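Quick notes on the structure that follows.
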Amino acid sequence: MEKEPAQRITSLTHLQSRPVVDSRGREVGKLKDLVVLFGGMYPRVSKLSIARAGETDLLLSWEAVVEIAETPTGLAFVLDRPQEELTPTDLRGDEMALGRNILDKKIMDTHHRRVVRVNNVQLEWRDQGYHVVAVLAGIHSLLRRLLPEQFLLRTAASFGVEIPREVIPWEHVEPIETELTRARKQAVYTKLAQLHPADIADIMEELNPSERAAVLEALEPETAVEALTETEPEVQAGVIQMLETEKASDMLEMMEPDEAADILGDLPQAKARELLQEMEPSEAEDVAELLEHEEDTAGGLMTTEYVAFPPEATVVQTLEKLRAMANEVETIYYLYVTDPSDRVIGVASLRELMMARTEQRLDEIMTTQLITVKPEASLRVVAETLSKYNLTALPVIDTEGKIEGIVTVDDVLDDLIPMIWKRRAAKKYL
Amino acid sequence: MRLPQQYKRRLLIFLSIMGPGIITASVDQDAGGIATYSLAGAKYGYSLLWALFFTGISLAVVQEMGSRMGVVTGKGLGELIRERYGVRAAVSILAILVLANLANTIAEFAGAAAAFEIFGIPRFVSVPLTALFVSWLVVQGTYARVERVFLIASALYLLYVISAFLGNPPWGEVLRQTIRPTFQMDRDYLIMLITLVGTTIAPWMQFYLQSSIVDKGIRWKDYKYARLDVIIGAFLATGVAYFIIVACGTALHAKGIPINTAADAARALEPFGRYSSVLFALALLNASIFSAAVLPLSTAYAACEALGWETGVDRRPKEAPGFFTIYLVMIGIGALTILWPNIPLIPIMFFSQTLNGILLPFTLVIVLQLVNDREIMGEAVNTPLLNLIGWGTAFLMSVLTILLLITFIF
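Below is the structure:
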């Protein structure tokens, strides 16, 4: 279709159920849906689906439309040939129908990091075709589906109010569940994947449990794990339960052991046991150990991934090894110096390591005055110790002086912040 | 006794999944329910037990469909209607739901007022207090924590079971009436029949159950446990109703005592002597407050899901204005209606359930269409037997409503 339609900007529901007529002016049916081709920033309308009385729907290429005519009874689609010569086509793998997949469905708004329901799809005429440029949400587009525009405008004006319009540009729209996401033939959730994992977590919290599981399974494993660790504990437990056991245990393995233990602690026992059995034995062991501690104690907060070196290691050896393991452990800022029976005899910070000469031994540069906590120390004690000595991590030491793990400041913050907020919120409402 | 490992595991899975069906069943026994079953027993003795028997089967079938849809689609009923049938259909169904639930919420406040009156507390004190308490539960997010308390307190219904036995009814007669249908073609009887079904299978239950199932995140693999939960719930709900009717049939109908106030209904617990009215008041109060919290909540959830508004009790009112507005407006209207001077409480509780019964076919037909839609349900569509019971219920309820209309015209 080369002729530009009278309405450059229109909406899906405005075009739906308009008559489609052939080149001789006979009605073929009513427009049921528009199919768009994915690719490019604004998907282009490539096909149209026509509902016919007493027959199956007809899918035609958009090229078959010569004109969107303005008739006395409203818009009508005019086809380029007589009814008998129409050639039906099929949906391609990278195409989907807007009405079936977007309209009235939920989408993720990656800009405002929220989930909304689509009340309408906005189309704009560019380069000789309609393109999807935005979806409409909010009260205005909702009322517009129920009532005539004129009535809406007049009523709003007589009350002196303006009904807010919400337009979400297509570049921020990430459909949640469509024929394309279900088929998984191509990369999905590409816009979502570009967000920070904490933002993905915010959006995920607004989804249903089954949708969360579907989104997570489609994301890159690392992104998925990071996003999951950023969500609320109840959400984490729910998602892990929804996933297949194998997938769930894979994700748990990729997490820090303390995060994995927190999630398993929130699950029913039978489920937690099943997942632990499925995990790699070495990872499972670390997690199982952490599970034995009470949640809000140093033992429950700690991670078993820390860096420890023998006292005779030299600075250059240590730096070499650190480089290799830096990706694995939660923090490399403190190096714990341990004797052969795992007892901590000193600590050196990364700063001290950098300042020392390369051939110096660790026991020459380490501090022997250790600040430690016991596994049963409460969250409060841990937080106070961290703050009093200005540390970012603390070793957790058992009665024999052996190191069990470390508590980092971010683990403590994760648990403190909700408590502080609750107290504040309570004050605000009382 | 040591259970074999496998059974123990299954039991643990069931315990983690159970809840939605049993909670829904418990909320089902609300103020309207107690009033309706009491009136049914007092007025018609044991002669409506057959209707309850068949309603119980239908309840299990209807609830099973809802939970299956929740597990298969992962979506609430409101959402599914919107996605499948568009905005207009969704808004029309929501209007029906809001209307029915508003009537129910009013009935819950009537129940709370009636219970407090037994303790001698006037309604202009008790009703505002109840409204404040219920709003506080949800706005402060304490509801989830007290849900268990309500649920445990529902064990008060056991009193009716004990009372029914202590009353020593003619059991042969009771059992015969349970399986032998009888029918009367008069207005009061028709209303009673519609109300009895309407209070047992209420439209809100389908929305509420499906949403709870979705929130629980149950996989299709574990669906059999969810189904068991729903069936146990339906069985308990019907069982409680059964014994309320039997107890009232023995204590009131046999002696020709009509129910005009809550104190009359309390006589069904007569075998408990001077404690009977206090126990009755406690059961009624728990039922009323539990349901007064849940009904507006489920309405707000269903509406917001379908319209695409923010939901959730864990949000602040500013973050989910539509959700909290619907919730609080329903509580407000419910409470204000009962503050109308000398409004009769028992009829309000009863006729709200009649409205449920009249509106039931509308939501039931939509549920049946969705659950038989292969595009939505895949292989998990209804079996012919379930369809027969489901469509049969919708059909019979429509017929009863039309018959009722005829009695008003002629």
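For the protein sequence lines, the chains are A and B, in the order given.
Sequence positions in the first sequence follow the numbering used here and run 27 to 456.
Sequence positions in the second sequence follow the numbering used here and run 32 to 441.
Just so you know, even glycine gets a beta-carbon here, dropped at the ideal spot from N, CA and C.
If you're wondering where the values come from, they're calculated on a predicted model, not measured in any experiment.
Burial state of residue i (16 or more Cβ within 10 Å)
{"i": "Ser367 of chain A", "result": "exposed"}
{"i": "Gly63 of chain B", "result": "buried"}
{"i": "Ala298 of chain A", "result": "buried"}
{"i": "Lys252 of chain B", "result": "exposed"}
{"i": "Tyr455 of chain A", "result": "Because Tyr455 of chain A sits at a pLDDT of 42, beneath the cut-off of 50, its placement in the model cannot be relied upon, and the following sentence gives the value as read from the coordinates. The residue in question, Tyr455 of chain A, is exposed, as its Cβ has fewer than 16 Cβ neighbours within 10 Å."}
{"i": "Glu114 of chain B", "result": "buried"}
{"i": "Gly287 of chain B", "result": "exposed"}
{"i": "Phe103 of chain A", "result": "buried"}
{"i": "Tyr38 of chain B", "result": "exposed"}
{"i": "Ile88 of chain B", "result": "exposed"}
{"i": "Ile437 of chain B", "result": "exposed"}
{"i": "Met32 of chain B", "result": "Note that Met32 of chain B scores 48 on pLDDT, short of 50, meaning its location in the model is unreliable; the coordinates nonetheless yield the value given after this. So Met32 of chain B counts as exposed."}
{"i": "Ser37 of chain A", "result": "buried"}
{"i": "Lys453 of chain A", "result": "In this prediction, Lys453 of chain A scores a pLDDT of 47, lower than 50, which makes its location untrustworthy; the coordinate-derived value is nonetheless stated afterwards. Exposed, because fewer than 16 other Cβ atoms sit within 10 Å of the Cβ of Lys453 of chain A."}
{"i": "Gly142 of chain B", "result": "buried"}
{"i": "Val187 of chain A", "result": "exposed"}
{"i": "Ala94 of chain A", "result": "Looking at the sequence shown, residue 94 of chain A is not Ala but Ile. That one is buried."}
{"i": "Ile48 of chain B", "result": "buried"}
{"i": "Trp340 of chain B", "result": "buried"}
{"i": "Asn132 of chain B", "result": "buried"}
{"i": "Trp235 of chain B", "result": "buried"}
{"i": "Met428 of chain B", "result": "buried"}
{"i": "Ser157 of chain B", "result": "buried"}
{"i": "Phe164 of chain B", "result": "exposed"}
{"i": "Ala451 of chain A", "result": "Low per-residue confidence applies at Ala451 of chain A: pLDDT is 49, beneath 50, and the placement is therefore not dependable, though the value from the model is reported in the following sentence. When all chains shown are included, Ala451 of chain A counts as exposed."}
Test item: CB-CB of residue i and residue j under 9 Å
{"i": "Val265 of chain A", "j": "Leu278 of chain A", "result": "no"}
{"i": "Lys56 of chain A", "j": "Ile35 of chain A", "result": "no"}
{"i": "Glu430 of chain A", "j": "Glu258 of chain A", "result": "no"}
{"i": "Leu162 of chain A", "j": "Val71 of chain A", "result": "no"}
{"i": "Ser404 of chain A", "j": "Thr323 of chain A", "result": "yes"}
{"i": "Gly109 of chain B", "j": "Leu240 of chain B", "result": "no"}
{"i": "Pro200 of chain B", "j": "Val271 of chain B", "result": "no"}
{"i": "Ile308 of chain B", "j": "Phe181 of chain B", "result": "According to the sequence displayed, residue 308 of chain B carries Ser and not Ile. No, the Cβ-Cβ distance between Ser308 of chain B and Phe181 of chain B is not below 9 Å."}
{"i": "Met230 of chain A", "j": "Arg250 of chain B", "result": "no"}
{"i": "Tyr77 of chain B", "j": "Val205 of chain B", "result": "yes"}
{"i": "Asn127 of chain A", "j": "Thr204 of chain A", "result": "yes"}
{"i": "His137 of chain A", "j": "His198 of chain A", "result": "yes"}
{"i": "Ala240 of chain A", "j": "Thr207 of chain A", "result": "yes"}
{"i": "Phe311 of chain B", "j": "Ala296 of chain B", "result": "yes"}
{"i": "Gly105 of chain B", "j": "Asn234 of chain A", "result": "yes"}
{"i": "Leu338 of chain B", "j": "Arg143 of chain A", "result": "yes"}
{"i": "Ile263 of chain B", "j": "Ile53 of chain B", "result": "yes"}
Chain-ordered neighbours of residue i on chain D, where CB pairs are closer than 8 Å
{"i": "Ser47 of chain B", "result": "Absent from the structure: chain D. Protein chains present are A and B."}
In DSSP terms, what residue i is bridged to
{"i": "Ser21 of chain A", "result": "Chain A is shown from 27 up to 456; residue 21 of chain A falls before or after that span and cannot be answered."}
{"i": "Glu150 of chain A", "result": "A:Ile35 and A:His157"}
{"i": "Ser69 of chain B", "result": "Its beta-bridge partners do not exist; DSSP assigns none."}
{"i": "Pro45 of chain A", "result": "A:Lys56"}
{"i": "Ala123 of chain A", "result": "A:Val61"}
{"i": "Ala77 of chain A", "result": "A:Lys56"}
{"i": "Arg349 of chain A", "result": "For Arg349 of chain A, which the question treats as bridged, DSSP gives no partner whatsoever."}
{"i": "Thr115 of chain A", "result": "Partner(s): none; Thr115 of chain A has no beta bridge."}
{"i": "Ile94 of chain A", "result": "A:Phe103"}
{"i": "Ile22 of chain A", "result": "Residue 22 of chain A lies beyond the range of chain A shown here (27 to 456); nothing can be said about it."}
{"i": "Thr329 of chain A", "result": "A:Ile432"}
{"i": "Leu162 of chain A", "result": "A:Asn146 and A:Val193"}
Enumerate, from N- to C-terminal direction, the unbroken alpha helix (DSSP H) stretches of 4 or more residues contained entirely within the stretch 180 to 261 of chain B.
-> Qualifying alpha helix (DSSP H) stretches, in chain order: 189 to 197, 202 to 210, 218 to 231 and 234 to 247.
What residues in the stretch 215 to 247 of chain B have a beta carbon less than 9 Å from any beta carbon of chain A?
-> Within the stretch 215 to 247 of chain B, the residues whose Cβ lies closer than 9 Å to any Cβ of chain A are, in chain order, Val245, Asp246 and Lys247.
Ignoring anything shorter than 3 residues or poking outside the stretch 192 to 279 of chain A, list the beta strand (DSSP E) runs there in chain order.
-> Counting whole runs of 3 or more residues, the stretch 192 to 279 of chain A contains the beta strand (DSSP E) stretches 192 to 195 and 199 to 201.
Looking at chain A, which residues of the stretch 107 to 118 of chain B have a Cβ within less than 7 Å of any of its Cβ atoms?
-> Result list: Arg113, Glu114, Gly117 and Val118.
Near-chain B residues of the stretch 231 to 246 of chain A (beta-carbon distance less than 7 Å), N- to C-terminal order = Legend: CB atoms of the stretch 231 to 246 of chain A lying less than 7 Å from CB atoms of chain B belong to residues Asn234, Pro235, Ser236 and Glu237.
Quick one, which residues of the stretch 264 to 296 of chain A are near chain B if we go by CB-CB under 7 Å, in chain order?
-> Answer in chain order: Gly264, Gln267, Met268, Pro294, Gln295 and Ala296.
For the stretch 151 to 181 of chain A, which residues have a CB atom closer than 8 Å to at least one CB atom of chain B, in sequence order?
-> Those residues of the stretch 151 to 181 of chain A that come within reach of chain B (Cβ to Cβ, closer than 8 Å) are Ala163, Leu168, Arg171 and Leu172.
Residues of the stretch 250 to 274 of chain B with Cβ closer than 8 Å to any Cβ of chain A, in chain order | Answer in chain order: Arg250.
May I have a chain-ordered list of the alpha helix (DSSP H) segments no shorter than 4 residues that lie completely inside the stretch 303 to 370 of chain B?
-> Runs of the alpha helix (DSSP H) inside the stretch 303 to 370 of chain B: 307 to 338 and 352 to 370.
With 8 Å as the limit, tell me which residues of the stretch 167 to 188 of chain B have their beta carbon closer than that to any beta carbon of chain A; keep them in chain order.
-> Within the stretch 167 to 188 of chain B, the residues whose Cβ lies closer than 8 Å to some Cβ of chain A are Gln171, listed in chain order.
3 or more residues per run - each beta strand (DSSP E) lying fully within the stretch 346 to 433 of chain A = If you keep only unbroken beta strand (DSSP E) runs of at least 3 residues inside the stretch 346 to 433 of chain A, you get 360 to 364, 370 to 375 and 419 to 423.
Of all the residues that make up the stretch 332 to 352 of chain B, which are near chain A by a beta-carbon distance shorter than 7 Å?
-> So the close ones are Leu338 and Gly339.
Residues in the stretch 127 to 140 of chain A with C-beta within 9 Å of chain B's C-beta atoms, listed in sequence order?
-> Sequence-ordered contacts of the stretch 127 to 140 of chain A with chain B read Leu129, Asp130, Lys131, Lys132 and Arg140 [C-beta pairs closer than 9 Å].
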